[in-house]
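Q:
In the working numbering, the protein residues as written are 64 to 633.
1. What number of angstroms, rounded off, separates the C-alpha of residue 378 from the C-alpha of residue 371?
2. Would you identify the three-state DSSP class for residue 313, choosing helix, strand or coil?
3. Determine the direct distance from the alpha carbon of residue 251 to that of residue 564, and round the result to whole angstroms.
4. If we count Cβ pairs, one from each stretch, closer than 8 Å, do we get three or more for the segment 323-332 versus the segment 267-284?
5. Helix, strand or coil: which one does DSSP assign to residue 96?
6. Can you tell me whether residue 566 is buried or exposed, with buried defined as 16 or more other CB within 10 angstroms of its CB?
7. Short of 6 Å in beta carbon distance, which residues of its chain neighbour residue 368, apart from the five on each side in sequence? Order them along the chain.
8. Alpha carbon to alpha carbon, how far is residue 443 from residue 187?
9. Runs of 4 residues minimum, wholly inside the segment 229-270: which ones carry the alpha helix (DSSP H) assignment?
10. Got a sec, what are the start and stop residues for the alpha helix (DSSP H) residue 417 sits in?
11. Which of the three DSSP states is assigned to residue 351 in this structure?
12. To the nearest angstrom, report how far apart residue 221 and residue 78 are at their CA atoms.
13. In whole angstroms, what is the alpha-carbon distance linking residue 181 and residue 117?
14. Quick check on residue 223: buried or exposed, where buried means 16 or more other Cβ atoms within 10 Å of its Cβ?
15. Grouping DSSP H, G and I as helix and E and B as strand, with all else coil, what is residue 361?
16. Expressed to the nearest angstrom, what Euclidean distance is found between the alpha-carbon atoms of residue 392 and residue 357?
17. Does the distance from the C-beta atom of residue 309 to that of residue 352 stay below 7 Å?
18. So what does residue 371 bridge to, in DSSP terms?
19. Taking residue 548 as part of the alpha helix (DSSP H), name the residues at either end of that continuous run.
20. Going by beta-carbon coordinates alone, are residue 314 and residue 342 separated by less than 7 Å?
21. Out of 274, 527, 184, 132, state which residue places its alpha-carbon closest to the alpha-carbon of residue 562.
22. Which two residues bound the contiguous alpha helix (DSSP H) that contains residue 128?
23. For residue 495 versus residue 531, is the C-beta distance shorter than 7 Å?
24. Which whole runs of the beta strand (DSSP E) in the segment 423-491 are 3 residues long or more, in chain order?
25. Which value, in whole angstroms, describes the spacing of the CA atoms of residue 402 and residue 145?
26. Pairs of beta-carbons, one from the segment 498-509 and one from the segment 520-539, closer than 8 Å: are there three or more?
27. How is the alpha helix (DSSP H) around residue 170 delimited, first residue to last?
28. Do residue 209 and residue 141 count as a contact pair if the criterion is CB distance below 7 Å?
29. Taking the alpha-carbon of residue 130 as reference, which of 570, 150, 467 has the nearest alpha-carbon?
30. Along the chain, where does the alpha helix (DSSP H) that runs through residue 70 open and close?
31. Could you tell me the boundaries of the alpha helix (DSSP H) in which residue 149 lies?
32. Assess, as a yes-or-no matter, whether the segment 190-203 is touched by the segment 247-261 under the definition of 3 or more beta carbon pairs within less than 8 Å.
33. Mapping the DSSP letters down to three states, classify residue 308 as helix, strand or coil.
34. Ordered along the chain, which non-local residues of its own chain (more than five positions away) have a Cβ less than 8 Å from that of residue 158?
35. For residue 395, report the span of its alpha helix (DSSP H) as first-last.
36. Who are the near neighbours of residue 240 in its chain, counting only those whose CB is closer than 8 Å to its CB and skipping five residues on each side?
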């Protein structure tokens, strides 16, 4: 697909229309045999020599492939790919590996990567997987295997992976292997779904190791979105009589996996969106399990269609990883609207628009399947799987964050701070379990930095404001004592994050500010707060705290006024 997706304004559209007219005049609807396909690929040469730089990249990756007995971490369809890879090439990966044999394998993989790769809508799961398995293994597949050798420890087992730190993050050597595989794909491979998936995983690794607001993370996000739109996955057709097809579902899942992460990074940083639903036609992925999609079950996709209700959810309320992806995508689409209001420099949002999106937010949450909704008893229910508990907490936090932004904008229009205060209190309440219940949520310890920065820190800023200068509100939970308790726990959570961790520097700055606020409040208490919950007092501080809210508010809205999860599954 050399020229990629070309839309309505592209140079080729008029000529394609002309070609169709010409075919009709000639009495045939077929494309003339002498016409050129705009996206025709150039055939790869039969023989080629590896450059010194390419050779070193190949050898670095192949030297880090685990022996077959140790390389048993895998993920979804990659288990087939990994098994067939070792069956075909396992003899190359003994304890003693000769440079000559690895160079031989490098040439095989490079040649495989130059071969055409089909992502046509009608391709079946086995056909698609066969293109990068066994003797046909490509660098795209090996790069993904490296990524999931690391990530799978969080979702499948607690067994220590020697290529990870104590938080389950990938090692620098693993990061380098993924980077090299991507470089090799860019040198030899046409653009395809696997390359897009690998580019996305490179972004996830970057955020895990270096944080979500870094320059490189934002640049890598831009590269992911550029490849996605190049492939045209943002304009997949939305047909009312659509019948489930494997490859279309794969494309939909990849699109919304990227879209969800993109909106998280936009709200965390306050930077303008790099992609927009205004230019998208791609429907949500269907609510079917991975086992059905990849053909692991004796049920056809046509049969699976009957299990999808009119609302798009599974009729039997079964819990699939894609169910949470769909739910998060619905919230992300509302988040995009809110970001448009918040970040626009050309127009002022009206109260009516804000109230409308707030109402739609509430309706969206109500329509979710029951098992997506978090209950306060879930945390102590030992029957809950860790992954399910994580997603339920995350859905609650994503919803609260949307409401948080809406209330922030309503506050600028003169609404009271009461609801903003309540939602901020809830955001901290549902962020703290990732620290206070580490025994239950231990496998997710690598997610803590981005979770606290995205949800806990912005809410903490509002609670700090309330502690410094109480307002009139009607939430009886919020007293001076409860504010101090929540903020003290938040400081403990922030202190637990190492300064050298991803986003660690930002956590240290926010912790310092919150501690100053607590010191001020505790050293100069305002009498009477507990006697009249919700009453406003004018605290007469002799010393004003220099509270730099820019550290807590990525939109920079007030002076009177956030890491990616590796759990997002394709």
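The C-beta atom is built at its ideal place from N, Cα and C for all residues, glycine as well.
Note that the coordinates shown come from a computational prediction; the quantities given were computed from them, not determined experimentally.
A: Well, looking at it:
1. Looking up residue 378 in the chain shown gives position 315. Looking up residue 371 in the chain shown gives position 308. Their Cα atoms are separated by approximately 5 Å.
2. Here residue 313 refers to the residue found at position 250 when the chain shown is read from its first residue. Of the three classes helix, strand and coil, the one that applies to residue 313 here is helix, per DSSP.
3. Position 501 of the chain shown holds residue 564. Position 188 of the chain shown holds residue 251. Roughly 35 Å between the two C-alpha positions.
4. yes
5. Locating residue 96 in the chain shown gives position 33, counting from the first residue. Legend: pLDDT at residue 96 = 44, less than 50; position of this residue unreliable, no value from coordinates given.
6. For the purposes of this step, residue 566 is taken as residue 503 along the chain shown, with counting starting at 1. With 16 or more other Cβ atoms within 10 Å, it is buried.
7. Locating residue 368 in the chain shown gives position 305, counting from the first residue. Closer than 6 Å at the Cβ level, and outside the excluded window around residue 368, lie 307.
8. Sequence index remark: in the chain shown, residue 443 carries index 380 (1-based). Sequence index remark: in the chain shown, residue 187 carries index 124 (1-based). Approximately 42 Å, taken between the alpha carbons.
9. 235-251
10. Locating residue 417 in the chain shown gives position 354, counting from the first residue. Taken as a continuous stretch (DSSP letters only), the alpha helix (DSSP H) holding residue 417 covers 414-429.
11. Within the chain shown, the letter at position 288 stands for residue 351. In this structure, residue 351 counts as coil in the three-state DSSP scheme.
12. Locating residue 221 in the chain shown gives position 158, where the first residue counts as 1. Locating residue 78 in the chain shown gives position 15, where the first residue counts as 1. Residue confidence for residue 221 is low, a pLDDT of 32 falling below 50, so the modelled location carries little weight; the figure read from the coordinates is stated next. Spanning the two alpha carbons is a distance of roughly 57 Å.
13. Here residue 181 refers to the residue found at position 118 of the chain shown. Here residue 117 refers to the residue found at position 54 of the chain shown. Each residue's alpha carbon lies about 25 Å from the other.
14. Counting from one through the chain shown, the residue named residue 223 turns up at place 160. Reliability fails at residue 223, whose pLDDT of 44 lies under 50, so the model's placement of it is uncertain and no value is given.
15. On the chain shown, residue 361 is found 298 positions in, with the first residue counted as 1. Looking at residue 361 - three-state DSSP - the assignment turns out to be coil, as it is neither helix nor strand.
16. Position 329 of the chain shown holds residue 392. Position 294 of the chain shown holds residue 357. Approximately 22 Å between the Cα atoms of the pair.
17. Counting from one through the chain shown, the residue named residue 309 turns up at place 246. Counting from one through the chain shown, the residue named residue 352 turns up at place 289. Contact: no.
18. Residue 371 sits at position 308 when you count from the first residue of the chain shown. Answer by DSSP bridge pairing, in chain order: 377.
19. To locate residue 548, count along the chain shown from 1; it is residue 485. Start and end: 543-559.
20. Here residue 314 refers to the residue found at position 251 of the chain shown. Here residue 342 refers to the residue found at position 279 of the chain shown. Going by C-beta atoms, residue 314 is not nearer than 7 Å to residue 342.
21. Against the chain shown, residue 562 aligns to sequence position 499. If we check each option's Cα against that of residue 562, 274 comes out closest.
22. Here residue 128 refers to the residue found at position 65 when the chain shown is read from its first residue. It is not in any alpha helix (DSSP H) - residue 128 carries neither H nor E in the DSSP assignment.
23. For the purposes of this step, residue 495 is identified with residue 432 of the chain shown, where counting begins at 1. For the purposes of this step, residue 531 is identified with residue 468 of the chain shown, where counting begins at 1. No.
24. none
25. Taking the first residue of the chain shown as position 1, residue 402 is located at position 339. Taking the first residue of the chain shown as position 1, residue 145 is located at position 82. Each residue's Cα considered, the two are about 41 Å apart.
26. no
27. By 1-based counting over the chain shown, the position of residue 170 is 107. Unbroken alpha helix (DSSP H) run through residue 170: 162-177.
28. Your numbering for residue 141 matches position 78 in the chain shown. Your numbering for residue 209 matches position 146 in the chain shown. Not in contact: residue 141 and residue 209 (Cβ atoms no closer than 7 Å).
29. Taking the first residue of the chain shown as 1, we reach residue 130 at position 67. Of the listed residues, the one whose Cα sits closest to residue 130 is 150.
30. Indexing the chain shown from 1 puts residue 70 at position 7. Run containing residue 70: none; DSSP gives neither H nor E here.
31. Within the chain shown, numbered from 1, the residue matching residue 149 stands at position 86. Element bounds for residue 149: 141-152.
32. yes
33. Counting from one through the chain shown, the residue named residue 308 turns up at place 245. Three-state result, residue 308: coil.
34. Within the chain shown, numbered from 1, the residue matching residue 158 stands at position 95. So the list reads 130, once near-sequence residues are dropped.
35. Looking up residue 395 in the chain shown gives position 332. 384-406 is the span of the alpha helix (DSSP H), which, as asked, contains residue 395.
36. On the chain shown, position 177 is the one that residue 240 refers to. For residue 240, where only same-chain residues beyond five positions count, the Cβ hits under 8 Å are 123, 124, 127, 206, 209.
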